[in-house]
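Peer 1:
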Amino acid sequence: MGVKTVTYLTISKYRGRKLERPFFMRGAETVARELLGAVLVRTVNGVRRTALITETEAYVGAHDLACHASKGRTRRTEIMFGPAGYAYVYLIYGMYNMLNIVTAAEGDAQAVLLRSAEPMDDWDADLSGPGKLARAFHITLADRGLDITGDDLYIVKNPHYQLKVTATPRIGIDYAGEWTHAPLRFLGTQIQ
DNA sequence: TATAAGATCGCCT
DNA sequence: GGCGATCTTATAC
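Heads up, the numbering used here is the position in the first sequence plus 108, with the first residue counted as 1.
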């Protein structure tokens, strides 16, 4: 597995359209691919922070043994069975929050994990991992169920701006049997 | 009520 | 490359 060495252009005047609920009401794989090159936006400590999404993973439903929803409909996974466009946040290893976005139809427990991003607009931050990304955007368990199409946390995409997409197996799911090697992790690299 | 393990990271050698 | 931190969740007793 190679180290990411691509340097992204700073797009300080990035403009795009805020993603509304229908965008998320599709399969997690499609949403995960199309989120590459989109921009995550949140105002943290009074400062508007933006980051170009460069790595995602799709968790495609209760039949996906890597997906937490494969354990069934529990208090933890309840949000994933709900409508699309809301945050599924959980704590891993006792210290890192993971930011996911619920996708697909209500009752179909799919979600996309945001794994890494490139800070934009002169923001000096390391967003090169899901724990670091969530920490920098101040995502915590208190944000479970947050509406991703609302005013607090949202995503903007310029359909004319595309990244080259590479698919690989997902990280850290060796327990997932036949699903361990499914190419559902997506990396976006700049097209020259 | 108790226990084991986890969609990670940072520090160590 | 290995390992410890730290706590929620699911599952077992």
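All C-beta atoms, glycine included, are put in the ideal place defined by N, C-alpha and C.
Since this is a predicted model, take the numbers as computed values, not measurements.
Can you tell me whether R199 is buried or exposed, with buried defined as 16 or more other CB within 10 angstroms of its CB?
Peer 2: According to the sequence provided, residue 199 is Leu. The question's Arg does not apply to it. L199 is exposed by the Cβ-count criterion.
Peer 1: Report the partner residues of G296 according to the DSSP bridge assignment.
Peer 2: V273
Peer 1: Given a cut-off of 9 Å, decide if R157 and P227 are closer than it, judged by their beta-carbon atoms.
Peer 2: yes
Peer 1: So, at 6 Å on beta carbons, what are the nonlocal neighbours of M133 in its own chain, with the 5 sequence-adjacent residues on each side left out?
Peer 2: A192
Peer 1: Among N153, L148, G180, I187, which one has its Cα closest to the Cα of R223?
Peer 2: L148
Peer 1: Can you tell me whether I161 is buried or exposed? The criterion is at least 16 other CB atoms within 10 Å of its CB, across all chains shown.
Peer 2: buried
Peer 1: Would you call the region 246-257 in contact with the region 268-281, where contact means no fewer than 3 C-beta pairs closer than 8 Å?
Peer 2: Two segments are said to touch when three or more pairs of C-beta atoms, one from each, lie closer than 8 Å; by this definition the region 246-257 does not touch the region 268-281.
Peer 1: I need the straight-line Cα distance from T73 to P277, nearest angstrom please.
Peer 2: Given a span of 109 to 300 for the chain in the structure shown, any question on residue 73 remains unanswerable.
Peer 1: Between G190 and E214, how many whole angstroms is the CB-CB distance? I'm expecting something under 8 Å.
Peer 2: Between E214 and G190 the Cβ distance is about 6 Å, and since that is below 8 Å, they are a contact.
Peer 1: In terms of residues, what are the limits of the beta strand (DSSP E) holding L148?
Peer 2: Looking at the DSSP string, the run of the beta strand (DSSP E) that includes L148 is 147-152.
Peer 1: Which same chain residues end up closer than 6 Å to K126 when comparing Cβ atoms and leaving out the 5 residues on each side of it in sequence?
Peer 2: Y262, V264
Peer 1: For A275, collect the residues of the same chain with a Cβ closer than 6 Å to its Cβ; drop the 5 residues on either side in sequence, then sort them by chain order.
Peer 2: P291, F294
Peer 1: Among residues of its own chain, excluding the 5 on either side of G124, which ones have a beta-carbon nearer than 8 Å to its beta-carbon?
Peer 2: A146, V147, V264, K265, N266, P267, Y269
Peer 1: Beta carbon of P238, beta carbon of L254: below 9 Å?
Peer 2: no
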